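Visitor: In the numbering used here, the protein residues as written are 71 to 174. The beta-carbon is built from N, C-alpha and C at its ideal position, and this holds for glycine as well. Note that the structure is predicted; figures quoted are calculated from it, not measured. Provided herewith is a single structure, encoded as structure tokens, for subsequent inquiry.
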């Protein structure tokens, strides 16, 4: 994909930020940059094998997030309810007893 295509897809990204990001991803081996000897020169970017694998993992995490969004929201709600009840309510549910020096 050409730089200009990427920039159009990533609405609002500056040329400088896209350039820096592509360079960093290329340096890390996630993106490959292909330069074609044409006039004017043509440069295209694509995912490397490592980038494709990272994309699969990212997709799996996104899918997990969608599947478990309700549970996460419920946990946040429970946490916020406990937090609004003050320190005593939080300590009853989050602290474990510490072993005394003689319990070792």
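Residues in the same chain with beta-carbon distance under 7 Å from residue 99, minus the five sequence neighbours each way, listed in chain order, please.
Guide: For the purposes of this step, residue 99 is taken as residue 29 along the chain shown, with counting starting at 1. Taken in chain order, the residues that qualify are 118, 120.
Visitor: Report the three-state DSSP secondary structure of residue 118 (helix, strand or coil).
Guide: In the chain shown, the residue the question calls residue 118 occupies position 48. In the structure shown, residue 118 sits in coil (DSSP, three-state: anything other than H, G, I, E or B).
Visitor: Among all the DSSP beta bridges, which residues are the ones paired with residue 104?
Guide: Taking the first residue of the chain shown as position 1, residue 104 is located at position 34. Bridge partners of residue 104: 114.
Visitor: How would you label residue 95, buried or exposed, when you count the other beta carbons within 10 angstroms and need 16 or more for buried?
Guide: For the purposes of this step, residue 95 is taken as residue 25 along the chain shown, with counting starting at 1. Result: buried.
Visitor: Determine the direct distance from the alpha carbon of residue 115 to that of residue 105, and round the result to whole angstroms.
Guide: Taking the first residue of the chain shown as 1, we reach residue 105 at position 35. Taking the first residue of the chain shown as 1, we reach residue 115 at position 45. Whole-angstrom Cα-Cα distance: 9 Å.
Visitor: Flag this pair as yes or no: are the beta carbons of residue 92 and residue 77 separated by less than 7 Å?
Guide: Position 22 of the chain shown, counted from the start, is the residue given in the question as residue 92. Position 7 of the chain shown, counted from the start, is the residue given in the question as residue 77. Their beta carbons are not under 7 Å apart, which means residue 92 does not touch residue 77 by this criterion.
Visitor: With which residues is residue 72 paired in a DSSP beta bridge?
Guide: Translated into the one-based positions of the chain shown, residue 72 becomes position 2. In DSSP, residue 72 forms a bridge with 114.
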